[in-house]
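Below is one structure, written out as structure tokens; comments come after it.
Protein chains: 2
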Amino acid sequence: MSKTGEIKLVSLGGIPEVKKGDNLGEMILRAAAGEGFSFLDEDIVVIAQKVVSKAEGRVVNLSRVEPSGFAVTVAEEVSKDPRLVEVILGETRRIVRMDERESGKGRLIVETAGGLVLANAGVDASNVSGGEDVTLLPLDSDRSARVIREHIKGETGRDLAVIITDTVGRPWREGLTDIAIGCSGMRALSDRRGETDAKGFTLTATEMATADQVACAAGMLMEKTSATPVVIVRGVDYIRAEGGSGELIRDPAHDLFR
Amino acid sequence: MSKTGEIKLVSLGGIPEVKKGDNLGEMILRAAAGEGFSFLDEDIVVIAQKVVSKAEGRVVNLSRVEPSGFAVTVAEEVSKDPRLVEVILGETRRIVRMDERESGKGRLIVETAGGLVLANAGVDASNVSGGEDVTLLPLDSDRSARVIREHIKGETGRDLAVIITDTVGRPWREGLTDIAIGCSGMRALSDRRGETDAKGFTLTATEMATADQVACAAGMLMEKTSATPVVIVRGVDYIRAEGGSGELIRDPAHDLFR
Numbered sequence: 002m003s004k005t006g007e008i009k010l011v012s013l014g015g016i017p018e019v020k021k022g023d024n025l026g027e028m029i030l031r032a033a034a035g036e037g038f039s040f041l042d043e044d045i046v047v048i049a050q051k052v053v054s055k056a057e058g059r060v061v062n063l064s065r066v067e068p069s070g071f072a073v074t075v076a077e078e079v080s081k082d083p084r085l086v087e088v089i090l091g092e093t094r095r096i097v098r099m100d101e102r103e104s105g106k107g108r109l110i111v112e113t114a115g116g117l118v119l120a121n122a123g124v125d126a127s128n129v130s131g132g133e134d135v136t137l138l139p140l141d142s143d144r145s146a147r148v149i150r151e152h153i154k155g156e157t158g159r160d161l162a163v164i165i166t167d168t169v170g171r172p173w174r175e176g177l178t179d180i181a182i183g184c185s186g187m188r189a190l191s192d193r194r195g196e197t198d199a200k201g202f203t204l205t206a207t208e209m210a211t212a213d214q215v216a217c218a219a220g221m222l223m224e225k226t227s228a229t230p231v232v233i234v235r236g237v238d239y240i241r242a243e244g245g246s247g248e249l250i251r252d253p254a255h256d257l258f259r
Numbered sequence: 002m003s004k005t006g007e008i009k010l011v012s013l014g015g016i017p018e019v020k021k022g023d024n025l026g027e028m029i030l031r032a033a034a035g036e037g038f039s040f041l042d043e044d045i046v047v048i049a050q051k052v053v054s055k056a057e058g059r060v061v062n063l064s065r066v067e068p069s070g071f072a073v074t075v076a077e078e079v080s081k082d083p084r085l086v087e088v089i090l091g092e093t094r095r096i097v098r099m100d101e102r103e104s105g106k107g108r109l110i111v112e113t114a115g116g117l118v119l120a121n122a123g124v125d126a127s128n129v130s131g132g133e134d135v136t137l138l139p140l141d142s143d144r145s146a147r148v149i150r151e152h153i154k155g156e157t158g159r160d161l162a163v164i165i166t167d168t169v170g171r172p173w174r175e176g177l178t179d180i181a182i183g184c185s186g187m188r189a190l191s192d193r194r195g196e197t198d199a200k201g202f203t204l205t206a207t208e209m210a211t212a213d214q215v216a217c218a219a220g221m222l223m224e225k226t227s228a229t230p231v232v233i234v235r236g237v238d239y240i241r242a243e244g245g246s247g248e249l250i251r252d253p254a255h256d257l258f259r
């Protein structure tokens, strides 16, 4: 719930093409200055994974990848480029689902080293310069978020939060939405269990995924065809903390769908 | 992507306690007038399922429920009230997952007659008057959304969209978020496949779940402890159409997790 009953999302234009080694925090500050945008304490800066991956050099050119025998086998099962599958498997802790080749629409749902369950381990070919370049997820998106947050705080004094998002599919439902794969400056969950509702009943299961809510909302201003990898969200009532995205990841032992 | 690069969400205060037979569209108009809020074409009115269910009389008192033998068996497996399980099974087309009783945290994930996959068929005990009252999902949430949209259009001339939301858990991730279980006045999906990205690559899988994005965003202003079941969202670039939430439901034949 917002303190003000109002939330505003603004996409930040003017972020130039991101290259390896770029200081994203600084690029965001310059883009904001160029648009006359001033940050406030408790703003949330939401950043698409793709530009974070590019800045961190998490880009692989498929022409330099030699697929293993297993990658070739899996690639045949899911109708994908064996070199792409090799890159995906390098990011994978376990395969959660492989589509049967008969469906004609290959799907490879895996659990990444970081514990995320998503298609293709988040390896993505769209919007990367060069036809054979693919991006990998940042090695530690919480750390990436923290570095950007600390840079902005150091330059502006503003104590805000940073979320890094990826666009993912979901079981049971069509269409993609964004989730938080990295987070700094806020609790990713809003634990309101134990509070009572308007009727005085104790809420038992209303732990909201705050960082995912923010990521999903910001995704509305982050379509891939537009060059807007950064969205500022203002007015969200979150719990301030160093934070991290790990609390959004369900323990596999308690997951009914893994 | 928003046309303006800016999205605003406002929670609408002043909605009184909703009772069976209430005209929700009219209540929303009065609350908006009371707050000096004017609707614009293309606004999205997001309404929590709970008040829609109450207005439509989709409330059952457990004291009047006689559990079947199967309900008693299932209730024991998932550590729930057999009468509640009876109500849930009445809304269920098939059981997708039942938690083993050993886990101590009973979970009953089902597919509803409407095709939604969610815990307890959306039957909910929180925030309903009377300790033994539970709400069921509206029989046809798309129709409920349409009735409200047409009432607002008739009274104001404004051509807006209406989304009805429920708060649900997700596989793999902790924390709840909101999804669209009903929708009118907009396409629930934004089908941008075939468009090209900033680099000229054709996007192959960027069909965004627009209505779920809006539902999830509005959920940030709809915590259950606050009496704000209605949120207005402005600035979202959606496809105008009669619409419906059905296109968000994946065909079970193509679902890897059912």
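Same order as they appear, the protein sequences are chains A and B. Quick note on the working numbering: the first sequence kicks off at 2 and runs consecutively. Quick note on the working numbering: the second sequence kicks off at 2 and runs consecutively. Backbone N, C-alpha and C fix where the C-beta goes; we use that ideal spot for every residue, glycine too.
Item, Value
"Are the beta-carbon atoms of B/G170 and B/L177 separated by less than 7 Å?", "yes"
"Hey, would you say A/V86 sits closer than 7 Å to A/V75, going by beta carbons?", "yes"
"Let me know the secondary structure DSSP gives A/D192 once reduced to three states.", "strand"
"If you run the structure through DSSP and keep just helix, strand and coil, what is B/A32?", "helix"
"Check whether the Cβ atoms of A/I45 and A/A146 sit closer than 7 Å, and answer yes or no.", "no"
"Would you say A/S54 and A/D143 are within 7 Å of each other, going by their C-beta atoms?", "no"
"Does the distance from the CB of B/V232 to the CB of B/V52 come in under 7 Å?", "no"
"Excluding the 5 residues flanking A/F71 on each side, which residues of the same chain have their C-beta closer than 8 Å to its C-beta?", "L90"
"Between A/E175 and chain B, is any beta-carbon pair separated by less than 7 Å?", "yes"
"Let me check one thing: in DSSP terms, what residues is A/I164 bridge-paired to?", "A/V47, A/C184"
"With a threshold of 6 Å on Cβ separation, who are the neighbours of B/R159 within its own chain once the five nearest residues in sequence on each side are excluded?", "F40, D42"
"Among A/L63, A/M28, A/R251, whose alpha-carbon lies nearest the alpha-carbon of A/V19?", "A/M28"
"Under the DSSP definition of a beta bridge, which residues are partnered with B/M99?", "B/L109"
"Between the alpha carbons of A/I240 and B/S69, how many angstroms are there, rounded?", "44 Å"
"Since I believe B/L222 is in contact with B/S12 (beta carbons under 8 Å), could you give me their beta-carbon distance rounded to a whole number of angstroms?", "4 Å"
"DSSP three-state label for B/S80, please.", "coil"
"Is it buried or exposed for A/G244, if we count other Cβ within 10 angstroms and need 16 for buried?", "buried"
"Based on the DSSP secondary-structure assignment, which residues constitute the bridge partners of A/M209?", "A/S191, B/L177"
"Would you report the Cα separation of B/E67 and B/R84, rounded to the nearest angstrom?", "6 Å"
"What is the DSSP secondary structure of B/D143, reduced to helix, strand or coil?", "helix"
"DSSP three-state call for B/P16: helix, strand or coil?", "In the sequence on display, residue 16 of chain B carries Ile and not Pro. Reduced to three states, the DSSP call for B/I16 is coil."
"Bridge partners for A/L10 per DSSP, in chain order?", "A/V234, B/I8"
"By the 10 Å Cβ neighbour count, where 16 or more other Cβ atoms means buried, how is B/G183 classified, buried or exposed?", "buried"
"At least one CB of chain B closer than 7 Å to the CB of A/M28: is that the case?", "no"
"By the criterion of Cβ-Cβ separation under 8 Å, what are the contact partners of A/S80 in chain C?", "As a matter of chain content, chain C is missing from the structure shown, whose protein chains are A and B."
"Quick check on DSSP: helix, strand or coil for A/I153?", "helix"
"Helix, strand or coil: which one does DSSP assign to A/L63?", "helix"
"Identify the contact partners of B/G183 in chain A, using a Cβ-Cβ distance below 7 Å as the criterion.", "None at all; the shortest Cβ gap to chain A is about 14 Å."
"Check whether the Cβ atoms of A/V97 and A/R259 lie closer than 7 Å to each other.", "yes"
"By the 10 Å Cβ neighbour count, where 16 or more other Cβ atoms means buried, how is A/N62 classified, buried or exposed?", "exposed"
"Give a yes or no on whether the minimum CB-CB distance between A/T113 and chain B is below 7 Å.", "no"
"Thinking just about the alpha-carbon of each residue, which of B/L117, B/K21, B/L25 is nearest to the one in B/I275?", "The structure shown does not extend to residue 275 of chain B, since chain B is modelled only from 2 to 259, so the question has no answer here."
"I want to see whether chain B comes within less than 7 Å of A/M187, judged by CB atoms only; does it?", "no"
"Which one of A/A212, A/P230, A/L257 has the shortest CA to CA distance from A/A242?", "A/A212"
"Report back the beta-carbon spacing between B/V79 and B/R95 to the nearest angstrom; my notes put them in contact at under 8 Å.", "The Cβ separation is near 15 Å, so there is no contact."
"Counting contacts by CB-CB distance shorter than 7 Å, is A/V169 in contact with chain B?", "no"
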